[in-house]
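Asks: Numbering (my numbering), first residue to last: 1 to 608. All residues carry an ideal CB built from backbone N, CA and C; glycine is no exception. Just so we're clear, the structure is a prediction, and the values are computed from it rather than from any experiment. Please see the structure below; I have some questions.
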Amino acid sequence: MSAPDGIDEPATDGTPAAAGNAAAEHLSPAFPDRAAWGTASKLRAWQVEALTRYFEREPRDFLAAATPGAGKTTFALRLATELLARGTVERVVVVAPTEHLKRQWADAADRVGIRLDPTFRNADGMFGAHYQGIAITYAQVGMNPDVHRRITAAAHTLVILDEVHHGGDALTWGDGIREAFGAATRRLSLSGTPFRSDTNAIPFVQYAPDEEGIRTSVADYSYGYGRALQDGVVRPVLFMAYAGQMRWKTRMGDEMSATLGEPVTKDITAQALRTALSPDGEWMPAVLSAADKRLTEVRRGVPDAGGLVIATDTTAARAYARMLQRITGERPTVVLSDEPASSGRIAAYAADTSRWMVAVRMVSEGVDVPRLCVGVYATSASTPLFFAQAIGRFVRARRRGETASVFLPSVPGLMTLAASLELERDHALDRPKNADDGMFSPEDALVDAANREERASESLLELSPFQALDSQASFDRVLYDGGEFGSGGEIGSLEELDFIGIPGLLEPDQVRDLLRARQAKQARRSAKDGQPRSATTDESRPLYLTLKEQRSELHRLVSIWSRHSNEPHSAIHAELRRISGGPAVAQASTEQIQRRIDVLRSRIGGRR
């Protein structure tokens, strides 16, 4: 199995320690072949910066937040080897979220000469003298923190808390971690996503009030996706969004229908999404087929490129695997649980050249399969934390030009997360009461309030068993770098194939330029066919529904632009009124709102 986060082999040339990052500052951070920091032969620029930052103060606690795929494991093990060599610590304890990851850590540590025991059990009491430490899970610590307190207190110990936000998964876990590692000589906390959807404090993480008085996590060193993308350390991500018509039945026998992607109440959106992901409909087979076509295109430039489907549960995962076997003629790798056999299957898939793997959640965080280039987000999980972890499986760059493509349902929550991928977030302990996902805005609260007033069917949906009746897929759009491209189309249409056929080896700027070219091509095609690029009215449906959809779309685009420009929503709305004319949104016509939507789409799509 390849080592996590691009772990590099230790140096053998005895290079002396560098006094800073000057040796690295003029070299490419993506594919570093540079002078060493200490005894490491290859470090990326951010790893040199983080190590330098650490040894300027040598704090007891240090939080490094680096985007998935950037190389957190390399940084952590380089720090561990330095602390061991200096005699600052005598043993190392790594705490990871899963069984698979603790074995992955032990393999990576072994490559740099640190022997960790990933088979340690709480009942053992102490690890063997032939090891320098252990690799354990958060669950192990939570079950018996006293065992780990004794191990940590018996010698000078470095504790590495991988994906430290898991320390707040349960109160018993957080308490256990504090008890077990309170006496540690040094604690290094790592996270690719240093935020949580709840307000459970993360152990050993510092919090400070922001400008609004909200206590927010403070990282000692941060390396976000935006900078990593500029450095070429991670791949750019194309989000291929798919909509479609859904039908399902309530407990009372009433049939309901909705179009995936249209602005409706949250409960209707959830039921429509569940219908789309049901193996019994046509939506999933169509999207899997499109994703496989995309994988074929990517493999023209990246022959070993692989695909991953992230499923909600084991039943769906097995059904998706059968679909893929019918589509490709090849049996995919299926990973259903966090156990040694599953770890072996992931390792085998990482090392071969087969096309697809299907997994339930466990591959969403930390698992290292660098050849994953195409993903299908087929799970109902939609928290910012889980989404960021899932997308992190596809962004790990091996060479310049590799791109990632993720297929996902066109629902508002996922579209917002996809559009804001570059944003760096911290963990907030104090949030407005209505902020259930850590990304609260007044406009969103108003929309939610209106949705709650319209939930005439809510009681039926909450009480009734679910039965998906029918689902049909259609191509919606592509999201990239905060912009939207594509005018939608049927499965297999030119509108879809224009984007599925984008080469798999492109620089980020080339991706952006090609998307713009495809967008312009589709606009010319629509004009030639006599179809307007964007209709402002639809005589087949009530005017108020059209206005509702437009207002929702305008609010969504304003939120996206606000996050990129750091302008308040009110200022953006005022500027749009100045540019496009017309009254406030509540009194604006469909034509006036559409002009504002077009302005924002052009601005977001043209942002560099």
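Quick one: what does DSSP say A588 is sitting in, helix, strand or coil?
Replies: By one-based count along the sequence shown, residue 588 stands at place 588. DSSP places A588 in coil when its eight states are reduced to three.
Asks: At what residues does the alpha helix (DSSP H) containing L158 begin and finish?
Replies: Residue mapping note: residue 158 aligns to position 158 of the sequence shown, counting from 1. L158 -> not in any alpha helix (DSSP H); beta strand (DSSP E) instead, spanning 157–161.
Asks: For A276, which beta-bridge partners are listed by DSSP?
Replies: Numbered from 1 along the sequence shown, position 276 holds the residue referred to as residue 276. For A276, which the question treats as bridged, DSSP gives no partner whatsoever.
Asks: Which residues in the same chain have their Cβ closer than 6 Å to the Cβ of A106, if we skip the five residues on either side of it in sequence?
Replies: One-based indexing of the sequence shown puts residue 106 at position 106. Taking C-beta separations shorter than 6 Å and ignoring five residues to either side along the sequence, the partners of A106 in its chain run L116, P118, A135, following chain order.
Asks: With DSSP as the reference, label T328 as helix, strand or coil.
Replies: The residue you call residue 328 lines up with position 328 of the sequence shown. Of the three classes helix, strand and coil, the one that applies to T328 here is helix, per DSSP.
Asks: What residue ranges within the segment 81–164 form continuous alpha helix (DSSP H) runs of no fewer than 4 residues, ordered along the chain?
Replies: 99–111, 138–143, 145–153
Asks: Short of 8 Å in beta carbon distance, which residues of its chain neighbour I114, apart from the five on each side in sequence? Order them along the chain.
Replies: Here residue 114 refers to the residue found at position 114 when the sequence shown is read from its first residue. Answer for I114: L77, A80, T81, L84, V92, Q132, G133, listed in chain order.
Asks: Relative to the C-alpha of R44, which residue among I579, V369, V234, L188 is closest?
Replies: Within the sequence shown, the letter at position 44 stands for residue 44. Residue V234 is the option with its Cα nearest to R44.
Asks: Nearest by alpha-carbon distance to R57: which of K42, R186, V599, R400 is it?
Replies: Position 57 of the sequence shown, counted from the first residue, corresponds to residue 57. Taking only the C-alpha atoms, the option nearest R57 is R186.
Asks: Pairing CB atoms from the segment 279–294 with CB atoms from the segment 382–397, are three or more of them under 8 Å?
Replies: No, the segment 279–294 is not in contact with the segment 382–397.
Asks: What does the alpha-carbon distance come out to for the pair D598 and V558?
Replies: Against the sequence shown, residue 598 aligns to sequence position 598. Against the sequence shown, residue 558 aligns to sequence position 558. Each residue's Cα considered, the two are about 12 Å apart.
Asks: In chain order, what residues of the same chain lie with their CB nearer than 7 Å to the CB of D313, ignoring the 5 residues before and after it?
Replies: Position 313 of the sequence shown holds residue 313. The answer, listed in chain order, is V360.
Asks: Counting Cβ pairs closer than 8 Å, one from the segment 138–154 and one from the segment 119–128, do we hit at least three?
Replies: yes
Asks: Assign G87 to one of two classes, buried (16 or more other C-beta atoms within 10 Å of its C-beta) or exposed (fewer than that).
Replies: Locating residue 87 in the sequence shown gives position 87, counting from the first residue. G87 comes out exposed.
Asks: Report the residue ranges of all beta strand (DSSP E) runs contained in full by the segment 369–394; include only those spanning at least 3 residues, in chain order.
Replies: 372–378
Asks: Whole angstroms are fine: how far does the CA of A272 sit from the CA of M256?
Replies: The residue labelled residue 256 in the question sits at position 256 within the sequence shown. The residue labelled residue 272 in the question sits at position 272 within the sequence shown. The straight-line gap from Cα to Cα measures roughly 9 Å.
Asks: Find out if the Cβ-Cβ distance for the pair A418, A219 is shorter than 9 Å.
Replies: Walking along the sequence shown from the start, residue 418 turns up at place 418. Walking along the sequence shown from the start, residue 219 turns up at place 219. No, the pair does not count as a contact, with Cβ atoms beyond the cut-off.
Asks: Which two residues bound the contiguous beta strand (DSSP E) that contains I310?
Replies: Taking the first residue of the sequence shown as position 1, residue 310 is located at position 310. In the DSSP assignment, I310 falls within the unbroken beta strand (DSSP E) covering 306–311.
Asks: Name the DSSP beta bridge partners of F475, please?
Replies: The count along the sequence shown starts at 1 and reaches residue 475 at position 475. Answer is Y242, G489, bridged to F475.
Asks: Between E90 and the rest of its own chain, which residues show a CB-CB distance below 6 Å, the 5 nearest in sequence each way excluded?
Replies: As a first step, residue 90 is located in the sequence shown; it is residue number 90 there, counting from the start. These residues qualify, in order along the chain: A155, H156.
Asks: Looking at L514 and G301, is the spacing between their C-beta atoms short of 9 Å?
Replies: Counting from 1 along the sequence shown, the entry for residue 301 is found at position 301. Counting from 1 along the sequence shown, the entry for residue 514 is found at position 514. No, the pair does not count as a contact, with Cβ atoms beyond the cut-off.
Asks: Let me know the secondary structure DSSP gives E262 once reduced to three states.
Replies: Against the sequence shown, residue 262 aligns to sequence position 262. Correct three-state label for E262: coil.
Asks: Quick check on the DSSP output: the alpha helix (DSSP H) that includes F55 runs from which residue to which?
Replies: Here the question's residue 55 lines up with position 55 in the sequence shown. Note, F55: alpha helix (DSSP H), 45–57.
Asks: Which residue or residues does DSSP assign as beta-bridge partners of M357?
Replies: Counting from 1 along the sequence shown, the entry for residue 357 is found at position 357. Under DSSP, M357 takes part in a beta bridge, and its partners are L308, T333.
Asks: Report the rounded CA-to-CA distance for G20 versus R400, giving the unit in angstroms.
Replies: What you label residue 20 is simply residue 20 of the sequence shown in a count that begins at 1. What you label residue 400 is simply residue 400 of the sequence shown in a count that begins at 1. Any reading at G20 must be qualified, since the residue scores a pLDDT of 31, below 50, and its modelled position is unreliable; no value is offered.
Asks: Considering only heavy atoms of the ligand COA, does any lie closer than 8 Å to the CB of H555?
Replies: Absence of the ligand COA from the depicted structure is noted, as is the absence of any ligand whatsoever, leaving it without description.
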